[in-house]
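Residue numbers (our numbering): 106 to 567. Glycine included, C-beta positions come from ideal geometry on N, C-alpha and C. Down below is the structure, laid out as structure tokens.
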């Protein structure tokens with residue numbers, strides 16, 4: 106696709122840094138560079154070979170070629186560029202003032218400020234990336250853990266797209282066969298042919314269902330989960346929070362009720378970004394402020410994807426402990442028996458008597474004992490086992506999940522129609538609905554307003 110304007114934006118984060126980059130893309134990119142760039146060798150950017158760096162200065166032509174900054178100019182010729190268009194990049198000194206000044210003179214000479222995500226949108230519209238790959242760029246930038254980075258890199262390389270396109274091609278072949286029976290009705294479908302078509306449709310459905318089943322863990326890896334630390338006062342909740350994040354975030358004393366409000370911190374466990382929430386100790390109290398903290402603790406428990414329920418091994422189970430164990434039976438929870446270095450009054454067996462299906466981790470928080478086991482069980486509870494990257498693509502995007510769900514729904518209706526001997530034109534309608542779902546994932550059938558919404562969520566300069 107040919108665009109008639111040339112866009113420019115600062116491609117690096119604002120603030121003091123070693124380097125700042127102003128990116129320019131479009132038909133006039135090299136012409137604009139020729140206007141504002143001066144090389145000691147006198148070489149014009151329009152004459153520079155592709156994929157080269159050249160030392161020089163950016164000047165303001167409206168101010169007698171006043172030097173704006175000392176730069177390295179990167180020149181890349183279409184189509185072997187990120188956008189598929191001519192691109193130049195001014196590698197300036199970092200800092201808000203130098204890069205803004207360079208951007209200003211670029212705009213004065215014919216470029217316009219790029220909209221958020223417009224460089225990647227042009228890459229998509231020019232066929233350099235499909236829509237799933239374009240969205241992977243944003244997911245890579247926003248990745249919170251190394252695991253989410255790996256998944257985004259694989260999606261950018263086309264792993265998800267290849268899988269979806271493969272399913273699409275298999276279904277399109279089936280649709281072509283069914284449509285042939287509509288065009289040539291005198292050639293009636295025999296029983297074996299219908300069985301063959303059913304077999305093909307069910308095979309696609311099996312693979313599509315398997316792909317959809319990765320969405321829950323995929324969303325967990327990219328969006329994370331809330332993990333609440335619960336227990337009676339002075340059981341070690343704040344000590345556990347501090348130990349897991351590796352710093353003193355919560356105040357720790359021997360006085361029960363020290364934590365009166367929730368404290369939240371982000372942590373990465375097993376490749377999952379987790380929001381750890383240290384809560385006020387759950388007990389009956391006449392202190393109004395502490396009562397509010399206890400109520401908030403219960404609210405946090407209700408919305409948490411996982412609860413770490415702590416108990417004191419050196420004390421007998423009291424009413425607050427028993428109430429917590431009761432709620433553990435119907436929630437996703439790990440039982441933590443802390444202070445195992447003290448004389449043991451409550452054993453793991455005592456906890457399991459109330460919650461036989463839960464796992465118990467024995468800890469001595471100040472010494473770090475049991476923390477590695479706890480982290481492993483947290484990952485196991487949330488992911489349901491070890492996640493192996495590389496075997497198959499993982500769906501991490503809510504839009505992809507919804508599009509694939511629609512594809513699966515349409516395919517299910519088509520299979521039902523085949524089983525019931527429905528007319529081929531009705532079967533074809535359902536198959537087209539399914540194919541539209543596949544097309545939405547990679548951008549073949551996505552509407553302009555949805556494209557605008559997707560790319561508006563990108564940062565400017567990407």
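How about residue i and residue j: are their beta carbons less than 8 angstroms apart?
i           : j           : result
residue 116 : residue 127 : yes
residue 542 : residue 229 : no
residue 204 : residue 150 : no
residue 377 : residue 484 : yes
residue 516 : residue 265 : no
residue 406 : residue 321 : no
residue 328 : residue 498 : no
residue 155 : residue 178 : no
residue 224 : residue 567 : yes
residue 132 : residue 111 : yes
residue 234 : residue 536 : no
residue 219 : residue 174 : no
residue 162 : residue 176 : yes
residue 299 : residue 523 : yes
Provide the residue(s) that pair with residue i in DSSP beta bridges, ordered along the chain.
i           : result
residue 129 : 113, 193
residue 648 : Limits of the chain in this structure are 106 at one end and 567 at the other, which puts residue 648 out of reach.
residue 474 : 469
residue 370 : 381
residue 568 : Because the chain in this structure spans residues 106 to 567, residue 568 falls outside the shown range and cannot be described.
residue 417 : 443
residue 207 : Looking at the DSSP assignment, residue 207 forms no beta bridge with any residue, so it has no partner.
residue 47  : Nothing can be reported for residue 47: it is not among the residues displayed for the chain, which extend from 106 to 567.
residue 143 : 162
residue 527 : BP columns for residue 527 are empty, so no partner.
residue 180 : 157, 193
For residue i, is the classification buried or exposed, using 16 other Cβ atoms within 10 angstroms of its Cβ as the cut-off for buried?
i           : result
residue 330 : buried
residue 477 : exposed
residue 394 : Legend: pLDDT at residue 394 = 44, less than 50; position of this residue unreliable, no value from coordinates given.
residue 343 : buried
residue 558 : exposed
residue 404 : exposed
residue 419 : exposed
residue 152 : exposed
residue 269 : buried
residue 251 : exposed
residue 595 : As shown, the chain starts at 106 and ends at 567. That puts residue 595 outside it, with no answer to give.
residue 119 : exposed
residue 306 : buried
residue 417 : buried
residue 427 : exposed
residue 552 : exposed
residue 196 : buried
Residue i: which of the options sits nearest, CA to CA?
i           : options            : result
residue 384 : 422, 339, 179, 351 : 339
residue 100 : 247, 213, 325      : A question about residue 100 goes unanswered here, because the residues of the chain that appear run from 106 up to 567.
residue 475 : 433, 444, 459      : 444
residue 282 : 560, 432, 530, 190 : 530
residue 583 : 459, 226, 206      : No answer is possible for residue 583: it lies beyond the span of the chain, which begins at 106 and ends at 567.
residue 469 : 463, 448, 482      : 448
residue 534 : 120, 518, 311, 524 : 518
residue 436 : 181, 370, 408, 416 : 408
residue 167 : 195, 341, 416, 213 : 213
residue 520 : 261, 303, 372, 131 : 303
residue 455 : 380, 422, 552      : 422
residue 373 : 427, 480, 410      : 480
residue 429 : 286, 125, 336      : 336
residue 180 : 208, 216, 215, 135 : 135
residue 284 : 546, 552, 532      : 532
residue 528 : 298, 286, 450      : 286
residue 267 : 236, 451, 125      : 236
Excluding five sequence neighbours on each side, which residues of the same chain lie with their C-beta closer than 8 angstroms to the C-beta of residue i?
i           : result
residue 317 : 500, 506, 509, 510, 513
residue 433 : 412, 414, 440, 459, 460, 463
residue 170 : 143, 164
residue 315 : 497
Among the residues of its own chain, which have a CB less than 7 angstroms from the CB of residue i, if the five just before and after it don't count?
i           : result
residue 467 : 442, 445, 453, 475
residue 561 : 221, 222
residue 550 : 541, 544
residue 211 : 113, 127, 129, 137, 141
residue 348 : 470, 473, 476
residue 183 : 189, 190, 191
residue 121 : 199, 200
residue 240 : 502, 559
residue 263 : 238
residue 272 : 309, 312, 313, 543
residue 486 : 411, 437, 439
Spatial neighbours of residue i within its chain, please: C-beta separation below 6 angstroms, excluding the five flanking residues on both sides.
i           : result
residue 358 : Summary for residue 358: the model assigns pLDDT 43, below 50, so the residue's position carries little reliability; its value from the coordinates is reported in the next sentence. Answer for residue 358: no residue qualifies.
residue 123 : 199
residue 145 : none
residue 254 : 248
residue 172 : 162, 164
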